[in-house]
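355 is the number of the first residue of the sequence shown in our numbering; add one for each residue after it.
Step one of this worksheet: look at the structure below.
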Amino acid sequence: MTFFHDEAHRQNVLHCLRKKNRIYPDGKADNYYLSALYILLSTKNNLNKKTRRFIDGEGIEFEKMLSAQDFPSSEIKLIKLAANLFNGSMEVSPSELINTLDDENFELALQAIFFRRTGCHVRDLLPAVEAVPELEQEDEDEEEMYMF
């Protein structure tokens, strides 16, 4: 089960993957970008508003991101994890994540690690669509109406 903070988080990640051409022809998302973007574009505590300007066509500027503004300790750990998953440029230990992150951000970190390890098809990032029984019933009634 993919965990997104909310629908805006999901849309931010999908939009950026598409914009950066990080969805391959077979539909799989680039797992380096996906894992980093999944963290950096989180809407929890508006992390996405603080980080998105450091994401461009050339990559992600983690050093500039951290030096340009002050982040709470937990967000610094998440950014370092994103950098590590993206290109190994920063270090963060599991104990730092365990001791610093609240439950929701810890789940965010675990999901990002999972994305980096296994990858993901873009269809798995989309919300599940449920069948609407009323529409199916209407179609059957309509067919009966036009049968002669």
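For glycine and all other residues, C-beta sits at the position ideal for the given N, C-alpha and C.
Relative to the C-alpha of residue i, which residue among the options is closest?
i: N399; options: L462, G473 and N385; result: L462
i: L420; options: G413, E429 and E412; result: E429
i: L455; options: S443, L435, T472 and R470; result: L435
i: G442; options: I414, R372 and N366; result: I414
i: Q423; options: G411, R407 and E412; result: R407
i: S396; options: M444, C370 and K374; result: C370
i: S427; options: P379, D360 and V446; result: V446
i: H475; options: E361, N366, R376 and D457; result: R376
i: M444; options: G411, K418 and K373; result: K418
i: E412; options: Y378, N385 and K374; result: K374
Check whether the Cβ atoms of residue i and residue j sit closer than 8 Å, and answer yes or no.
i: K404; j: F425; result: yes
i: F460; j: L451; result: yes
i: G381; j: R471; result: no
Under 8 Å between C-beta atoms, does residue i make it to chain C?
i: S389; result: Going by chain labels, chain C is absent from the structure shown, which holds only one protein chain.
For the putative contact between residue i and residue j, defined by C-beta atoms under 8 Å, what is the C-beta separation to the nearest angstrom?
i: A437; j: F416; result: 4 Å
i: G473; j: A390; result: Not confirmed; about 13 Å, so no contact.
i: Q465; j: Y387; result: So it is not a contact: roughly 15 Å between Cβ atoms.
i: L368; j: L479; result: 6 Å
i: L394; j: I409; result: 7 Å
i: F358; j: R364; result: 4 Å
What does DSSP give as the partner residue(s) for residue i in the beta ladder?
i: I377; result: A383
i: C474; result: A383
Could I get the ranges of all uninterrupted alpha helix (DSSP H) runs contained in the segment 401 to 470, with 4 residues as the minimum, in chain order?
Along the segment 401 to 470, the alpha helix (DSSP H) occurs as fully enclosed runs of 4 or more residues at 401 to 405, 416 to 422, 427 to 441 and 448 to 454, listed in sequence order.
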